[in-house]
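Following: one structure in structure tokens, then a few remarks.
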Amino acid sequence: MSSQIAFITGATSGFGAACARRFAVEGWRLILCGRRQERLDELRAELAATTPVHAFPLDVRDEAAVNAAVAALPAEFAAVDLLVNNAGLALGLEPAQRCDMQDWRDMVDTNIKGLLFCTRAILPSMVERNRGHVVNIGSVAGTYPYPGGNTYGATKAFVKQFSLNLRADLLGTKVRVTNIEPGMAETEFSLVRFKGNDGKADQVYQGVEPLSAEDIADTVYWAATRPAHVNINSIELMPVCQAFAPFAISREG
Ligand code: NDP
Ligand code: 8X3
Numbered sequence: 050m051s052s053q054i055a056f057i058t059g060a061t062s063g064f065g066a067a068c069a070r071r072f073a074v075e076g077w078r079l080i081l082c083g084r085r086q087e088r089l090d091e092l093r094a095e096l097a098a099t100t101p102v103h104a105f106p107l108d109v110r111d112e113a114a115v116n117a118a119v120a121a122l123p124a125e126f127a128a129v130d131l132l133v134n135n136a137g138l139a140l141g142l143e144p145a146q147r148c149d150m151q152d153w154r155d156m157v158d159t160n161i162k163g164l165l166f167c168t169r170a171i172l173p174s175m176v177e178r179n180r181g182h183v184v185n186i187g188s189v190a191g192t193y194p195y196p197g198g199n200t201y202g203a204t205k206a207f208v209k210q211f212s213l214n215l216r217a218d219l220l221g222t223k224v225r226v227t228n229i230e231p232g233m234a235e236t237e238f239s240l241v242r243f244k245g246n247d248g249k250a251d252q253v254y255q256g257v258e259p260l261s262a263e264d265i266a267d268t269v270y271w272a273a274t275r276p277a278h279v280n281i282n283s284i285e286l287m288p289v290c291q292a293f294a295p296f297a298i299s300r301e302g
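Per our numbering, the very first residue in the sequence shown carries number 50; after that it's consecutive.
Now the structure itself:
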């Protein structure tokens, strides 16, 4: 059993909650955050018998709040071994010319800036201890374009390149960086993307077997538990029911 510490953002749902459960079973101590307090309370109540849990509400878009939360970590949680930058969201699936600008701002603020704030707050102590691992949750949308993916995919392309550039900066330290890039997985992701329209969200997963949150937790856990000299740069995974389309050709214009 490990006594390492994992800091998981966006732990109130989907991949983050599944990671919390997986790392708890393996004996990791957990720092969990998300905006929904009652979800955090439920998860803490569920996991507290298994492992020590420090959970607090946090909006990763708020740089000052991120810094304050990291500065206020109790001593027994301060030496973070693993940061899972998971908090994120897609909003809308409209073509760029019809998108809501606020949705674009929210995706940039969460998926890019939130990830930067958390990384910048935790990284110095990892470098100082010459030990640690940052696992970013990217997406296949950061590599492959699709209609309506516009800003969401671009934020995940940022995550891909930022992960690689972190590796370049961390050369000479033992701090590791991994970008996990999942395809379609059934979580609250589509419910959020379609702004609470559960009919539309359910349709995404109808008649197929998507990845599960547990599949992603398994992947994060595997990447985090390789021998200390091994850095998994990236892992791209999709459900078998998902693949690639040919280039689209318009014959109309
Ligand atoms: P969910 O909607 O189930 O979970 C998203 C989590 O992010 C929630 O815990 C939510 O918590 C948290 N979150 C969102 N905004 C903020 C914020 N401003 N501050 C703090 N926490 C926030 O979706 P998934 O589990 O699927 O998504 C997790 C990550 O995986 C995201 O980065 C997503 O882009 C990525 N991803 C998802 C895929 C999929 O098909 N499901 C595929 C590829 C990547 P709360 O609302 O309580 O704040
Ligand atoms: C989520 C995967 O394909 O819905 O990042 O964009 S996809």
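By construction, the Cβ of each residue, glycine as well, lies at the ideal position given by its N, Cα and C atoms.
Same chain only: Cβ atoms within 7 Å of residue i, ignoring 5 sequence neighbours per side
i      : result
Tyr254 : Glu235
Ala206 : Gly191
Asp149 : Gly141
Member of the options whose CA lies at the smallest distance from the CA of residue i
i      : options                           : result
Gly163 : Arg84, Arg88 and Val74            : Arg84
Val157 : Val208, Met175, Glu258 and Val129 : Val208
Ile281 : Lys223, Asp251 and Arg93          : Lys223
Glu125 : Arg154, Arg300, Leu132 and His103 : His103
Glu177 : Ala127, Ala297 and Arg154         : Ala127
Proximity of residue i and residue j at Cβ, strictly below 8 Å
i      : j      : result
Pro67  : Ala262 : Looking at the sequence provided, one finds Ala at residue 67 rather than Pro. Yes, Cβ-Cβ distance for Ala67 and Ala262 is below 8 Å.
Val184 : Val269 : yes
Thr159 : Gly137 : yes
Asn135 : Ile57  : yes
Tyr193 : Phe293 : yes
Leu89  : Thr61  : yes
Leu129 : Gly181 : Rather than Leu, the amino acid found at residue 129 in this sequence is Val. Yes, they are a contact pair.
Trp242 : Ala139 : Reading off the sequence, residue 242 comes out as Arg, not Trp. Yes.
Rounded straight-line distance, which links the Cα of residue j to that of residue i
i      : j      : result
Phe105 : Leu81  : 7 Å
Tyr201 : Asn214 : 20 Å
Ala266 : Glu143 : 30 Å
Ile161 : Lys249 : 26 Å
Thr204 : Leu219 : 22 Å
Ala120 : Phe238 : 30 Å
Leu165 : Glu91  : 28 Å
Asn199 : Leu172 : 30 Å
Ala113 : Arg70  : 28 Å
Gly141 : Asp251 : 15 Å
Val240 : Asn246 : The sequence given here has Leu at residue 240, not Val. Taking the straight line from one Cα to the other gives about 6 Å.
Ile284 : Val189 : 10 Å
Asp155 : Arg300 : 35 Å
Proximal residues to residue i (C-beta, below 6 Å), its chain only, five neighbours per side dropped
i      : result
Thr99  : Ala73
Ser212 : Asn185, Val226 and Asn228
Arg216 : Val226
Gln146 : none
Tyr195 : none
Gln86  : Pro106
Same chain, Cβ closer than 8 Å to residue i, neighbours up to 5 away in sequence not counted
i      : result
Leu260 : Pro231, Gly232, Met233, Ala234, Glu235, Leu286, Met287 and Pro288
Leu107 : Thr58, Cys82, Gly83, Arg84, Ala114, Val115 and Ala118
Arg302 : Sequence inspection shows Gly at residue 302; the Arg mentioned does not correspond to that position. So no residue of the chain qualifies.
- Query: Which residues have their C-beta within less than 5 Å of a heavy atom of ligand 2, listed in chain order?
  - Reply: In chain order, the qualifying residues are Ser188 and Ala190.
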